[in-house]
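The next block holds one structure in the form of structure tokens; read it before the comments.
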């Protein structure tokens, strides 16, 4: 069970980041705050095909999109953002049982899917 709390400000910042990336035409096929019990932290996981080709370039494009829009980069600690390729096991496991289009907030807690433990997650988008 998740010990750390995901606060409203985090929830708002996650949705704001997905909107900013959409406006920048950065492809986001999955986005969710996921609790990682091994480190006791929530991480904002962004799934994009760009991470498969060049992870550093994908991270740079995200940083540039943030710099071009408001002050989110000042409010969101980028060390809490994890960028993953389409084959990421955790998002693939969640995507096998739930689909979230657009930008929503769907809570997904205490599940084991295909041997992958999802302690707690708040999903914004999870496309097929």
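Residue numbers (our numbering): -18 to 109. Quick reminder that beta carbons are idealized off the backbone N, C-alpha and C, glycines included. Given the structure is predicted, the values throughout are model-derived calculations rather than measurements.
With respect to the 7 Å criterion, residue 104 and residue 81 are classified as neighbours on the basis of their beta carbons. Here the C-alpha atom of residue 2 lies approximately 31 Å from the C-alpha atom of residue 96. Shortest Cα-Cα distance from residue -1 to any of 92, 68, 64, 94 involves 64. Fewer than three Cβ pairs drawn from the region 47 to 63 and the region 74 to 93 lie within less than 8 Å of each other, which leaves the two stretches out of contact.
In the DSSP annotation of this structure, the continuous segment of the beta strand (DSSP E) that includes residue 11 starts and ends at 11 to 17. The Cβ-Cβ distance between residue 43 and residue 26 does not fall below 7 Å. According to DSSP, residue pairing for residue -14 in a beta bridge does not occur.
The beta carbon of residue 102 sits closer than 6 Å to those of 13, 15, 89, all from its chain and outside the five residues before and after it, given in chain order. Counting along the chain, residue 94 sits inside the beta strand (DSSP E) bounded by residues 87 to 94. Within a 10 Å sphere around the beta-carbon of residue 41 sit fewer than 16 other beta-carbons, which makes this residue exposed.
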